[in-house]
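Take a look at the structure set out below.
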Amino acid sequence: MATDDRHDVTRSVAPTGRLPDDHVIVICGATGDLARRKLLPGLFHLARAGLLPTRYRIVGSAPAADSVGDEEFREQARQAVDRFGRAAPEGPQWQAFEEALSFGAADPGDPAPLLAAVREAERAVGGSPRRLFHLAVPPVAFGSVVKMLGATGLAEGARVIVEKPFGTDLASARVLNDTLHAVFDESRVFRIDHFLGKESVDNILALRFANGLFEPVWNREHISHVQIDVPESIDIQGRAGFFEGTGTFRDMIVTHLFQLLGFVAMEPPSALDARSLREEKDKVFRSLRPLDPAQVVRGQYEGYRNEPGVAPASDTETFAALRVEIDNWRWAGVPFYLRSGKALAEGRHMVTLTFRQPPLRMFRAAAHDSAAARSDTLAIDFDDPGRITARFLAKEPGPEMRLGTAEMVFDYAGSFAQDHALEAYEHLILEAMLGDQSLFTSADGINRLWEVSEPLLKDPPPVEPYTPGSWGPESIQRLVRPHHWYLPDGR
Numbered sequence: 036m037a038t039d040d041r042h043d044v045t046r047s048v049a050p051t052g053r054l055p056d057d058h059v060i061v062i063c064g065a066t067g068d069l070a071r072r073k074l075l076p077g078l079f080h081l082a083r084a085g086l087l088p089t090r091y092r093i094v095g096s097a098p099a100a101d102s103v104g105d106e107e108f109r110e111q112a113r114q115a116v117d118r119f120g121r122a123a124p125e126g127p128q129w130q131a132f133e134e135a136l137s138f139g140a141a142d143p144g145d146p147a148p149l150l151a152a153v154r155e156a157e158r159a160v161g162g163s164p165r166r167l168f169h170l171a172v173p174p175v176a177f178g179s180v181v182k183m184l185g186a187t188g189l190a191e192g193a194r195v196i197v198e199k200p201f202g203t204d205l206a207s208a209r210v211l212n213d214t215l216h217a218v219f220d221e222s223r224v225f226r227i228d229h230f231l232g233k234e235s236v237d238n239i240l241a242l243r244f245a246n247g248l249f250e251p252v253w254n255r256e257h258i259s260h261v262q263i264d265v266p267e268s269i270d271i272q273g274r275a276g277f278f279e280g281t282g283t284f285r286d287m288i289v290t291h292l293f294q295l296l297g298f299v300a301m302e303p304p305s306a307l308d309a310r311s312l313r314e315e316k317d318k319v320f321r322s323l324r325p326l327d328p329a330q331v332v333r334g335q336y337e338g339y340r341n342e343p344g345v346a347p348a349s350d351t352e353t354f355a356a357l358r359v360e361i362d363n364w365r366w367a368g369v370p371f372y373l374r375s376g377k378a379l380a381e382g383r384h385m386v387t388l389t390f391r392q393p394p395l396r397m398f399r400a401a402a403h404d405s406a407a408a409r410s411d412t413l414a415i416d417f418d419d420p421g422r423i424t425a426r427f428l429a430k431e432p433g434p435e436m437r438l439g440t441a442e443m444v445f446d447y448a449g450s451f452a453q454d455h456a457l458e459a460y461e462h463l464i465l466e467a468m469l470g471d472q473s474l475f476t477s478a479d480g481i482n483r484l485w486e487v488s489e490p491l492l493k494d495p496p497p498v499e500p501y502t503p504g505s506w507g508p509e510s511i512q513r514l515v516r517p518h519h520w521y522l523p524d525g526r
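The following block contains the structure:
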């Protein structure tokens, strides 16, 4: 009999010993694309993995215009899991999950259906379950949903997951945080960045702080420069309505790449707990120099202005590369190069640390070799499941002292069984239920990132055209000189 091989992903998953308290999880925006692609399939995977609470209910919500009944919501969930999930929606596990689903519409002026659905879910769970709200709603609806949760009392004691964007500049970020803090104190706010839920981000912490081989050299004395590179091969995929008002810098650099920089550059925390990790990451942000527009390249792929909904003279960047500097003892004088963009040659997720050359270079011939110029690197590929590659020079076989580039590779998929692996959203939803903010961004950190971005936002350089399928505008070579971009040559 034919079987669905998606079952194999989670068959052996077992609880980690950190089960959340009983919960009522409310998805605001449950009929939207994020809920369909990530949240509902992710919650079912957590259920199959034994990582949801012992007793739980999931309430979907949306404006009355998009309202559905319980049975229709369950059918939508089944279709979402069938298309985007890692396990087929069938068997006793699906039946139990499906029975935990219900729906309650909510408009700012009429939250009664949602109130009734949450109260009914709480009765079904029994006792005093926690509430977790996931705001998978457009930015324009954010304020009204938060105020509604506060006015109805649903926010009392609850936690809230907030999707990006976390503002578009310093002023809007402050307004957003003020809106949140009027209803939820900071300890109950979980600003979600799916990049930080990847296994490889945790692996950066393990690599640094669990190994005496690396931490002693993780500083300006030994590291020449750092690159954080997240090129995307896809274009804007018809999302001009969102992208025209955002651009790559706001969408990717502030939200994702700066957060990765915080983990790469932080000082050793006093403990691996949320407070210590966030404090050290925020210290990095406080040490960032304000961005210099002269050290930024903004690009726009050829054909972008022909996309439906894009202004004919649009100056929105689909590509951004910049040099960032950190004024602290560990990193003074070490440039961090960040790059991300649409319609590039490949989709990759890389952090690369390049080490300084030895003070006495005996093998001078290697200095002119392009491969040698990209040796002495530690490259962390944080695309799931990820790998770590150390590149160095070694003697080639033969009578002459001739050097060649060698590699040592740690492949996450080949080294560990993947039965316990969680996708980024699954990992972060679980951490939010547990109340662990380690992998979530703070209000102070977000505000500081917008603060250092102010010079660029006020005086951005003009966009430069680049060919789709390339690595961006040619001027990025000037930005990184005298160094080289690890991609595309450093595989």
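So the sequence shown is residues 36 to 526, counted in our numbering. Just so it is clear, CB atoms sit at the ideal spot from N, CA and C, and this is done for glycine as well. As the structure is a computational prediction, the values presented were derived from the model and not from experiment.
What's the C-alpha gap between Pro251 and Phe371?
The C-alpha of Pro251 lies about 19 Å from the C-alpha of Phe371.
Could you check how far apart the C-beta atoms of Ser477 and Arg313 are, in whole angstroms? I think they sit under 8 Å.
Yes, Ser477 and Arg313 are in contact; Cβ-Cβ is about 5 Å, under 8 Å.
Could you check the C-alpha separation between Thr89 and Gly276 for me, to the nearest Å?
Approximately 41 Å between the Cα atoms of the pair.
Ordered along the chain, which non-local residues of its own chain (more than five positions away) have a Cβ less than 7 Å from that of His291?
The residues are Asp228, Phe230 and Val265.
Could you pull the start and end residues of the beta strand (DSSP E) that Ile196 belongs to?
Run containing Ile196: Arg194 to Val197, per the beta strand (DSSP E) assignment.
Distance, Leu215 Cα to Lys430 Cα:
Their Cα atoms are separated by approximately 59 Å.
Cross-strand partners of Gln335 (DSSP beta bridge)
Per DSSP, Pro500.
Near Thr424, what residues of its chain come up, given a Cβ to Cβ distance below 6 Å and the 5 sequence neighbours on each side ignored?
These residues qualify, in order along the chain: Ala414, Glu442 and Val444.
Residues bridged to His518 by DSSP?
As computed with DSSP, His518 is found in no beta bridge at all.
Would you call Gly139 buried or exposed, if buried means 16 or more other Cβ atoms sit within 10 Å of its Cβ?
With at least 16 other beta carbons inside 10 angstroms of its own, Gly139 counts as buried.
Going by beta-carbon coordinates alone, are Arg285 and Thr203 separated by less than 9 Å?
With contacts defined by Cβ atoms closer than 9 Å, Arg285 and Thr203 form a contacting pair.
Backbone CA spacing between Glu509 and Phe354 [nearest angstrom]:
Those two C-alpha atoms are separated by around 12 Å.
Assess contact between the stretch 343 to 350 and the stretch 236 to 245, defined as three or more Cβ pairs (one per stretch) separated by less than 8 Å. Is contact present?
Proximity of the stretch 343 to 350 to the stretch 236 to 245 falls short of the contact definition, fewer than three beta-carbon pairs being nearer than 8 Å.
So within the stretch 174 to 238, which uninterrupted beta strand (DSSP E) runs reach at least 3 residues, ignoring any that extend past its ends?
Fully enclosed beta strand (DSSP E) runs of 3 or longer: 194 to 197 and 224 to 226.
Which residues bound the beta strand (DSSP E) around Ile93?
Per DSSP, Ile93 is one residue of the beta strand (DSSP E) stretching across Tyr91 to Ser96.
Applying the 10 Å Cβ sphere with the 16-neighbour rule, what's the burial state of Ile511?
Answer is buried; the Cβ neighbour count reaches 16.
Going by DSSP in three states, Ala478 sits in which element: helix, strand or coil?
Looking at Ala478 - three-state DSSP - the assignment turns out to be helix.
Between the stretch 176 to 185 and the stretch 127 to 134, do three or more beta carbon pairs fall short of 8 Å?
Flag = no, the stretch 176 to 185 and the stretch 127 to 134 do not touch.
Once the 5 residues before and after Ser259 are set aside, which same chain residues still bring their CB inside 6 Å of it?
Thr389 and Arg391.
So, does the stretch 323 to 343 touch the stretch 490 to 502, judging by three or more C-beta pairs under 8 Å?
Because the criterion of three Cβ pairs below 8 Å is met, the stretch 323 to 343 and the stretch 490 to 502 touch.
Write down the C-beta distance between Arg92 and Val160 rounded to the nearest angstrom, noting that I regard them as a contact closer than 8 Å.
Their Cβ separation, rounded to whole angstroms, is 6 Å, which keeps Arg92 and Val160 in contact under 8 Å.
Going by beta-carbon coordinates alone, are Ala190 and Phe225 separated by less than 9 Å?
With respect to the 9 Å criterion, Ala190 and Phe225 are not classified as neighbours on the basis of their beta carbons.
Residue environment, Asn246, which counts as buried when at least 16 other CB atoms sit within 10 Å
Counting C-beta atoms within 10 angstroms of its own C-beta, Asn246 has fewer than 16 neighbours from the protein chains shown and is therefore classed as exposed.
Cβ-based neighbour list, Gln20, same chain, cut-off 7 Å, excluding 5 preceding and 5 following:
Nothing in the structure corresponds to residue 20, since the chain is present only between 36 and 526.
Measure the CB-CB distance between Val116 and Leu75 and report whether it falls below 9 Å.
Taking 9 Å as the Cβ cut-off, Val116 and Leu75 qualify as a contacting pair.
Among residues of its own chain, excluding the 5 on either side of Thr351, which ones have a beta-carbon nearer than 6 Å to its beta-carbon?
Cβ contact annotation for Thr351 (same chain, cutoff 6 Å, sequence separation greater than five): Glu279 and Gly282, in chain order.
Given that a residue counts as buried once 16 or more other Cβ atoms are within 10 Å of its Cβ, and exposed if not, what is Val210?
By the neighbour-count rule (16 or more Cβ atoms within 10 Å), Val210 is not buried but exposed.
Terminal residues of the alpha helix (DSSP H) in which Gly276 lies
Per DSSP, the continuous alpha helix (DSSP H) segment holding Gly276 begins and ends at Ala275 to Phe278.
Expressed to the nearest angstrom, what Euclidean distance is found between the alpha-carbon atoms of Arg113 and Phe119?
Spanning the alpha carbons of Arg113 and Phe119 requires a straight line of approximately 10 Å.
Work out the CA separation of Ser375 and Tyr521 for me, nearest whole Å.
Separation of Tyr521 and Ser375 (C-alpha to C-alpha, rounded to the nearest whole angstrom) is 13 Å.
So, Arg71 versus Gln128, is the Cβ gap smaller than 9 Å?
In this structure, Arg71 lies away from Gln128, with their beta-carbon atoms at least 9 Å apart.
Thinking C-beta only, is Glu302 closer than 9 Å to Arg255?
For the 9 Å CB-CB criterion, Arg255 and Glu302 do not form a contact.
Which of the three DSSP states, helix, strand or coil, is assigned to Arg72?
Per DSSP, reduced to three states, the secondary structure at Arg72 is helical.
In whole angstroms, what separates the C-alpha of Pro432 from that of Leu438?
The straight-line gap from Cα to Cα measures roughly 9 Å.
DSSP on His58, reduced to helix/strand/coil?
His58: strand per DSSP, three-state reduction.
For Ile60, is the classification buried or exposed, using 16 other Cβ atoms within 10 angstroms of its Cβ as the cut-off for buried?
Classification of Ile60: buried, given that the 10 Å Cβ count is 16 or more.
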